[in-house]
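The next block holds one structure in the form of structure tokens; read it before the comments.
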Amino acid sequence: MIVGVPKEIKNNESRVGMTPAGVFELVKNNHAVYVQSGAGEGSGFFDEDYQQVGATILNTIQEIYAISEMIVKVKEPIAEEYPLVKKGQIVFTYFHFASSEALTKAMINSGATCIAYETVEDEDGTLPLLTPMSEVAGRMAIQQGAKYLEKPKKGRGVLLGGVPGVAPGKVLVLGAGTVGIQAAKMAAGLGAHVTILDVNMKRLRYVNDVMPSHVVTEFSNEFNIRKHIKTHDLIIGGVLIKGAKAPKLISEEMLSDMRPGTVIVDVAVDQGGCIETTKPTTHEDPTYIINDVVHYCVANMPGAVPYTSTVALTNVTLPYVLKLANMGWRSACNLDKSLSKGLNIVEGEIVYKEITEAFNLEPVLV
Ligand SMILES: NC(=O)c1ccc[n+]([C@@H]2O[C@H](COP(=O)([O-])OP(=O)(O)OC[C@H]3O[C@@H](n4cnc5c(N)ncnc54)[C@H](O)[C@@H]3O)[C@@H](O)[C@H]2O)c1
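Numbering-wise (my numbering), the sequence shown opens with residue 44 and increments by one.
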């Protein structure tokens, strides 16, 4: 198959859909890979790195779309790319169709087959192509939180690990899912005292089994949250109710119970956030202050560490890319039920229920 890797043109997106390791595997399997010049630069991969493993470099995005049977990228195509997507082409990337009718219509009109990373789903209901980004965001939440706890950043002036003779900082983690566990692990590694809350006892049992004793689990309810926000320096929002807006666990009124300089990192901002005062921010201007509480609410945290994020993402996408290239989408999806859940639009027809519901359209069965 002819596989194309365009440069991402969405604002502030430095990740790339394939690393040289991916090109190496595809070429080994007798596929041809075309990479747009400069596509990997933001993630630290240069044209020569791709050429060395057998990719052909093309100068323009138009050439990449024109020649490729399958496009592998990171973000959904943006308006400039809509006319480039062609009939019969496979596009494998994050789409988030339900949030954009314009994108959905453009992809229907293109006649392409769109396989969305975010809906590829394992038998146990987990989303294997979203997990790595939650892992990145969870770990980063502590790195960012520690920075904003510094006095010049308007934080309390607390060093998370403490020093001999001074107690460590306290981190409250809301949600013991992927984000929450990774955040707890990083905070514990720095020597902070960690309290992690969830409503799922299985998750709390797991955390209790695997974490050191300075990571304490408690059931998530308003009473416990109200108690802990008074004494914790850094609060991480990592809750998710699948397919729904995040529950608001901390109201605006509760901010007055926090000490001045407390830092909130609401990772769940992309689902509306679990703090009432959360509003999305960007890497250029990541924080704002309400009631002396620093809020960090960047909606695409992994974008700040494109090298790690690209490698983490492509590690999990590559096995699917290989299946699609080796077998074509029909056989690959027939054989792999997880991958078949990624089918959102097939040759111009929506096949994913949630998208049809979002736009009141009729689904088509494949
Ligand atoms: N900002 C970013 O850049 C970024 C990056 C990756 C993920 N995210 C977001 O982070 C959020 C968490 O993702 P995840 O992968 O960890 O999800 P997950 O499903 O692995 O974990 C969510 C956890 O929240 C728990 N939960 C639900 N209701 C709760 C409540 N009332 N109190 C406490 N816990 C509760 C669930 O039981 C679950 O354990 C999602 O909204 C995700 O989209 C944001």
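Virtual Cβ for every residue (Gly too), placed ideally from N, Cα, C.
Between residue i and residue j, is the Cβ-Cβ spacing less than 8 angstroms?
i, j, result
"K30", "T162", "For residue 30 there is no data in the structure shown, the boundaries of the chain being 44 and 409."
"V312", "A342", "yes"
"A230", "I272", "no"
"L217", "I279", "yes"
"I107", "P63", "no"
"M388", "M44", "Per the sequence shown, residue 388 should be read as Ile rather than Met. Their beta carbons are not under 8 angstroms apart, which means I388 does not touch M44 by this criterion."
"M176", "S352", "yes"
"G65", "T357", "yes"
"F88", "V115", "no"
"A227", "M183", "no"
"V117", "A180", "no"
"I100", "W372", "no"
"G188", "V201", "no"
"E178", "Q225", "yes"
"E51", "V59", "yes"
"E295", "T320", "yes"
"V359", "P171", "yes"
"I398", "T147", "yes"
"I110", "K53", "no"
Less than 7 angstroms separating the Cβ of residue i from some heavy atom of ligand 2?
i, result
"D313", "Inclusion of ligand 2 in the displayed structure is not the case, the ligand content consisting of ligand 1 alone."
Quick one: is residue i buried, meaning 16 or more other Cβ sit within 10 Å of its Cβ, or exposed?
i, result
"E166", "exposed"
"S142", "exposed"
"S245", "The amino acid occupying residue 245 in the given sequence is Lys; Ser does not appear at that position. So K245 counts as exposed."
"I284", "exposed"
"V209", "exposed"
"L127", "buried"
"T103", "exposed"
"A375", "buried"
"P349", "buried"
"P345", "buried"
"I332", "exposed"
"H275", "buried"
"T169", "exposed"
"H326", "exposed"
"D252", "exposed"
"S263", "buried"
"S256", "exposed"
"D309", "buried"
"F266", "exposed"
"T219", "Contrary to the premise, residue 219 reads as Ala rather than Thr in this sequence. Buried, because 16 or more other Cβ atoms sit within 10 Å of the Cβ of A219."
"G81", "exposed"
"L378", "exposed"
Can you check DSSP and say which residues form a bridge with residue i?
i, result
"G47", "Y77, I114"
"V306", "L277, V337"
"H236", "K213"
"I133", "M113, T156"
"D241", "F262"
"T99", "Y77"
"L386", "I158"
"T324", "V341"
"V206", "V209"
"T330", "Y339"
"E400", "Paired residues: none, contrary to the question."
"I293", "I318"
"E392", "V389"
Under 8 angstroms by Cβ, that's how I've got residue i and residue j pegged, so tell me the actual separation to the nearest angstrom.
i, j, result
"V214", "L277", "5 angstroms"
"E119", "F138", "5 angstroms"
"A159", "K129", "So it is not a contact: roughly 18 angstroms between Cβ atoms."
"V306", "G198", "5 angstroms"
"E144", "F402", "6 angstroms"
"V70", "Y93", "Wrong, their Cβ atoms sit about 10 angstroms apart, outside the cutoff."
"V242", "V250", "With a Cβ gap of about 13 angstroms, V242 and V250 do not count as contacting."
"V96", "H74", "Not really, about 12 angstroms apart at Cβ, beyond 8 angstroms."
Validate contact between the region 324-336 and the region 361-376 using beta carbons, cut 8 angstroms, 3 pairs: no
At least three beta-carbon pairs within less than 8 angstroms, the region 234-252 to the region 294-312: Note that the region 234-252 does not touch the region 294-312; fewer than 3 beta-carbon pairs, one per stretch, sit closer than 8 angstroms.
Segment contact flag, the region 313-322 with the region 288-296, C-beta cutoff 8 angstroms, min 3 pairs: yes
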